[in-house]
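In what follows, a single structure is set out as structure tokens and then discussed.
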Amino acid sequence: MPTATLSPTAVPEAVLPASARRLRAEVRAFLDEERARGTVLGRPDSWLAGWDPDFSHRLAERGWVGMALPVEYGGAGRGFLERYVVIEELLAAGAPVSAHWVSDRQAGPSVLQHGTEEQRRFFLPRIAAGECFFSIGMSEKSSGSDLASVRTRAERIDGGWRLTGTKMWTGGAHVNDYAIVLARTDEAEDRHAGLSQFIVDLRAPGVRIEPIHLMSGEHRFNACHLAGVEVPEGMLLGRQGDGWRQVTGELAFERSGPERYLSTFPLLVSLLRELDRRAATAEQAFQVGLLTARLHGIRRLSLGVAGALDAGTSPDTQAALVKDLGTRLEGALVDTVRGILPTPADPEATPGSHAELLAFALLHSPGYTLRGGTNEILRGIITRGLEQNR
Ligand SMILES: Cc1cc2nc3c(=O)[nH]c(=O)nc-3n(C[C@H](O)[C@H](O)[C@H](O)COP(=O)(O)OP(=O)(O)OC[C@H]3O[C@@H](n4cnc5c(N)ncnc54)[C@H](O)[C@@H]3O)c2cc1C
Numbered sequence: 153m154p155t156a157t158l159s160p161t162a163v164p165e166a167v168l169p170a171s172a173r174r175l176r177a178e179v180r181a182f183l184d185e186e187r188a189r190g191t192v193l194g195r196p197d198s199w200l201a202g203w204d205p206d207f208s209h210r211l212a213e214r215g216w217v218g219m220a221l222p223v224e225y226g227g228a229g230r231g232f233l234e235r236y237v238v239i240e241e242l243l244a245a246g247a248p249v250s251a252h253w254v255s256d257r258q259a260g261p262s263v264l265q266h267g268t269e270e271q272r273r274f275f276l277p278r279i280a281a282g283e284c285f286f287s288i289g290m291s292e293k294s295s296g297s298d299l300a301s302v303r304t305r306a307e308r309i310d311g312g313w314r315l316t317g318t319k320m321w322t323g324g325a326h327v328n329d330y331a332i333v334l335a336r337t338d339e340a341e342d343r344h345a346g347l348s349q350f351i352v353d354l355r356a357p358g359v360r361i362e363p364i365h366l367m368s369g370e371h372r373f374n375a376c377h378l379a380g381v382e383v384p385e386g387m388l389l390g391r392q393g394d395g396w397r398q399v400t401g402e403l404a405f406e407r408s409g410p411e412r413y414l415s416t417f418p419l420l421v422s423l424l425r426e427l428d429r430r431a432a433t434a435e436q437a438f439q440v441g442l443l444t445a446r447l448h449g450i451r452r453l454s455l456g457v458a459g460a461l462d463a464g465t466s467p468d469t470q471a472a473l474v475k476d477l478g479t480r481l482e483g484a485l486v487d488t489v490r491g492i493l494p495t496p497a498d499p500e501a502t503p504g505s506h507a508e509l510l511a512f513a514l515l516h517s518p519g520y521t522l523r524g525g526t527n528e529i530l531r532g533i534i535t536r537g538l539e540q541n542r
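Its first residue numbered 153, the sequence shown is counted upward by one per residue in the numbering used here.
Written out as structure tokens, the structure reads:
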């Protein structure tokens, strides 16, 4: 885990390890097999919307879930750069990775860093086996950007804690096993103190999951009501009162990965197929060139952040930059495709057709710049980082 903060103005560069080329070829061969089975459908936003636990399990059998977790806990003991290669291939292919996404990206590393030995031995092998899926229980109705204002409370009871409150936008809570919930354990003058993280069993008595449907009608999110849910002492994650430090310490990982600029990449692939079927005009080719150039630049920065994390530094400002630039590109890609091809978006069109994929990406668009911290908040972080460095 990172120890030093990288200078906010440094532009990190990363060179993929020699093993990456072979790994990429292995992932592509696996994806070809999966395409033949009909599981990889080239859909946009597959890390939010592609829930397929069997696919996650098959990926885990190859050592590609929990890749960076140590071997002694069931992981593959490989670095962030190798993990990067695997996930960029999966996202570019629009593979259904949402079942294990949070466990792999966040819950596993978090349990490894902050968890007790007992928690590590219980959760990490299950995560790496693609058998234990997590949700993020941070946001609440009036606590999104202002996360420190969360009102979910955890009171001490004999042998553990009792949690009461409502978490909002809890992705996958209706299908996942656990959520890492941020709750207030102490009334401190400093709002950032007195918060703690808990691992909550989503099937425990007192948990009620209420669907929140997307504009497309899909059920991906929930309101997660916790009505006096009893959480055993052993499910406090990290130290009591350290919740804020733990949550913010993970942000560079959460914000800088390829999922922050590749959510709509399968639509670009679809566009290229469409243009291939007709003769592309000079304007269409120019617009595709612009998108590709932006994509290339953001990928380079994102890869550099992964390299810096691998080297043990924390590139917080650069990670925020990746997410701001990347999520804006995700939306711009949808707008460009709509602007340069006459095909209208149609959610009722044949699944996988350009019109249907366009409708899907379009209906998911409002979320790109909101999830994981809005772009306005990110720009505040970037500005503060640059100011401090003046
Ligand atoms: C697709 C998607 C998936 C999500 N998944 C999860 C999940 O699994 N678990 C979870 O806990 N949460 C999840 N979220 C919630 C997400 O983290 C919040 O939506 C996000 O943090 C913004 O919070 P909010 O919705 O309360 O908006 P607000 O914080 O109310 O913000 C509203 C608007 O005001 C702006 N704003 C707020 N404060 C400032 C400021 N200080 N300066 C300038 N502008 C400001 C924001 O940028 C935004 O445009 C998800 C959200 C989306 C869209």
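All C-beta atoms, glycine included, are put in the ideal place defined by N, C-alpha and C.
- [ ] Could you tell me if the beta carbon of residue 523 falls within a distance shorter than 7 Å of some heavy atom in ligand 2?
- [x] Ligand 2 is absent from the structure shown, which contains only ligand 1.
TODO: State the DSSP-derived secondary structure class of residue 406, mapped to helix, strand or coil.
DONE: Reading the sequence shown from its first residue, position 254 is the one you call residue 406. In the three-state reduction of the DSSP assignment, residue 406 falls in the helix class, which pools H, G and I.
- [ ] Taking the CB atoms as reference points, tell me whether residue 276 and residue 260 lie closer together than 8 Å.
- [x] The count along the sequence shown starts at 1 and reaches residue 276 at position 124. The count along the sequence shown starts at 1 and reaches residue 260 at position 108. Yes, Cβ-Cβ distance for residue 276 and residue 260 is below 8 Å.
TODO: May I ask you to check if the CB of residue 242 is nearer than 7 Å to at least one heavy atom of ligand 1?
DONE: Looking up residue 242 in the sequence shown gives position 90. In this structure, the C-beta of residue 242 stays at least 7 Å away from each heavy atom of ligand 1.
- [ ] Return the chain-ordered list of same chain residues with a C-beta closer than 8 Å to the C-beta of residue 293, the five sequence neighbours on each side being excluded.
- [x] By one-based count along the sequence shown, residue 293 stands at place 141. Same-chain partners within the cutoff: 318 and 320.
Open item on the list: Less than 8 Å between the beta carbons of residue 166 and residue 211, yes or no?
Closed with: Taking the first residue of the sequence shown as position 1, residue 166 is located at position 14. Taking the first residue of the sequence shown as position 1, residue 211 is located at position 59. No, the Cβ-Cβ distance between residue 166 and residue 211 is not below 8 Å.
Task: From 470, 403 and 492, residue whose alpha carbon lies closest to that of residue 441 - done: Locating residue 441 in the sequence shown gives position 289, where the first residue counts as 1. Considering only alpha carbons, the answer is 492.
- [ ] Ignore the nearest five residues each way along the sequence and tell me which others in residue 278's own chain have a CB closer than 7 Å to its CB.
- [x] Here residue 278 corresponds to residue number 126 of the sequence shown, with the count starting at 1. Excluding positions up to five away in sequence, the list reads 284.
Task: Assumed close pair residue 383, residue 315 - CB separation to whole angstroms, cut-off 8 Å - done: Position 231 of the sequence shown, counted from the start, is the residue given in the question as residue 383. Position 163 of the sequence shown, counted from the start, is the residue given in the question as residue 315. 6 Å between Cβ atoms; contact.
Open item on the list: Quick check on residue 520: does DSSP put it in helix, strand or coil?
Closed with: For this step, residue 520 is matched to residue 368 along the sequence shown. Reduced to three states, the DSSP call for residue 520 is helix.
Task: Option in 526, 310, 444 and 476 with minimal Cα separation from residue 423 - done: In the sequence shown, counting from the first residue as 1, residue 423 sits at position 271. Selected option, being the one with the closest Cα: 444.
Open item on the list: Give me the residue from 540, 439, 372 and 461 with the minimum Cα distance to residue 201.
Closed with: Walking along the sequence shown from the start, residue 201 turns up at place 49. The candidate whose alpha carbon is nearest that of residue 201 is 372.
Task: Extent of the continuous alpha helix (DSSP H) to which residue 430 belongs - done: Mapped onto the sequence shown, residue 430 falls at position 278. Counting along the chain, residue 430 falls outside any alpha helix (DSSP H), and DSSP gives it neither H nor E.
TODO: Could you say which of 224, 196 and 186 lies nearest to residue 206 if we only look at CA atoms?
DONE: In the sequence shown, the residue the question calls residue 206 occupies position 54. Residue 206 has its Cα closest to that of 186, out of 224, 196 and 186.
Open item on the list: Are there any heavy atoms of ligand 1 lying less than 7 Å away from the beta-carbon of residue 468, as far as the coordinates show?
Closed with: Indexing the sequence shown from 1 puts residue 468 at position 316. It does not: the Cβ of residue 468 is nowhere closer than 7 Å to a heavy atom of ligand 1.
Task: Residue burial classification, residue 267 (beta-carbon count within 10 angstroms, cutoff 16) - done: Here residue 267 refers to the residue found at position 115 of the sequence shown. By the 10 Å Cβ count, residue 267 comes out buried.
Open item on the list: Tell me the rounded alpha-carbon separation between residue 341 and residue 532.
Closed with: Walking along the sequence shown from the start, residue 341 turns up at place 189. Walking along the sequence shown from the start, residue 532 turns up at place 380. Straight-line Cα distance between these residues: approximately 24 Å.
Open item on the list: When you measure from the CB of residue 203 to every non-hydrogen atom of ligand 1, does any distance come out below 7 Å?
Closed with: As a first step, residue 203 is located in the sequence shown; it is residue number 51 there, counting from the start. The answer is no for residue 203.
TODO: Tell me whether residue 200 counts as near ligand 1, meaning its Cβ is closer than 7 Å to at least one heavy atom of that ligand.
DONE: As a first step, residue 200 must be located in the sequence shown, where it is residue number 48. Yes, the Cβ of residue 200 comes within 7 Å of a heavy atom of ligand 1.
Task: Buried or exposed (CB count within 10 angstroms, at least 16 for buried), residue 156 - done: Within the sequence shown, residue 156 is the residue found at index 4, counting from 1. Using a 10 angstroms sphere on the CB of residue 156, the tally of other CB atoms stays under 16, which defines it as exposed.
TODO: State the CB to CB distance for the pair residue 421 and residue 453, rounded to an integer number of angstroms; the pair is presumed to be in contact (CB under 8 Å).
DONE: Indexing the sequence shown from 1 puts residue 421 at position 269. Indexing the sequence shown from 1 puts residue 453 at position 301. Between residue 453 and residue 421 the Cβ distance is about 22 Å, and since that is not below 8 Å, they are no contact.
Open item on the list: Just checking residue 321 against ligand 1 - is the residue's beta carbon closer than 7 Å to any of the ligand's heavy atoms?
Closed with: For the purposes of this step, residue 321 is taken as residue 169 along the sequence shown, with counting starting at 1. Flag set: Cβ of residue 321 near ligand 1.
- [ ] Please say whether residue 193 and residue 519 have beta carbons closer to each other than 8 Å?
- [x] The count along the sequence shown starts at 1 and reaches residue 519 at position 367. The count along the sequence shown starts at 1 and reaches residue 193 at position 41. Contact flag unset, no.
TODO: Over the uninterrupted beta strand (DSSP E) stretch that includes residue 326, give me the two end residues.
DONE: Indexing the sequence shown from 1 puts residue 326 at position 174. Neither: residue 326 is in no beta strand (DSSP E) and is coded neither H nor E.
TODO: Could you work out which residue in 336, 182, 403 and 304 is closest to residue 393 when comparing CA atoms only?
DONE: Locating residue 393 in the sequence shown gives position 241, counting from the first residue. Cα-wise, what sits closest to residue 393 is 336.
Open item on the list: Taking the alpha carbon of residue 309 as the reference point, which residue from 374, 455, 381 and 289 has its own alpha carbon closest?
Closed with: What you label residue 309 is simply residue 157 of the sequence shown in a count that begins at 1. If we check each option's Cα against that of residue 309, 381 comes out closest.
- [ ] Closer than 7 Å by C-beta to residue 485: which residues in its own chain qualify, once you throw out the five before and the five after it? Chain order, please.
- [x] Indexing the sequence shown from 1 puts residue 485 at position 333. Answer for residue 485: 416, 419, 420 and 443, listed in chain order.
Open item on the list: Is the separation between the beta-carbon of residue 295 and that of residue 389 shorter than 8 Å?
Closed with: For the purposes of this step, residue 295 is taken as the residue at position 143 of the sequence shown. For the purposes of this step, residue 389 is taken as the residue at position 237 of the sequence shown. For the pair residue 295 and residue 389, the CB atoms are not nearer than the 8 Å cut-off.
Task: Distance CB(residue 448)-CB(residue 196) smaller than 8 Å - done: For the purposes of this step, residue 448 is taken as residue 296 along the sequence shown, with counting starting at 1. For the purposes of this step, residue 196 is taken as residue 44 along the sequence shown, with counting starting at 1. No, the Cβ-Cβ distance between residue 448 and residue 196 is not below 8 Å.
Task: Cβ-based burial, residue 367 [other Cβ within 10 Å; buried from 16] - done: Here residue 367 refers to the residue found at position 215 of the sequence shown. In summary, residue 367 is exposed, with fewer than 16 beta-carbon neighbours lying within 10 Å of its beta-carbon over all protein chains present.
- [ ] Give the straight-line distance between the Cα atoms of residue 345 and residue 379, rounded to the nearest whole angstrom.
- [x] Position 193 of the sequence shown, counting from 1, holds the residue named residue 345. Position 227 of the sequence shown, counting from 1, holds the residue named residue 379. Cα to Cα, the separation comes out at about 24 Å.
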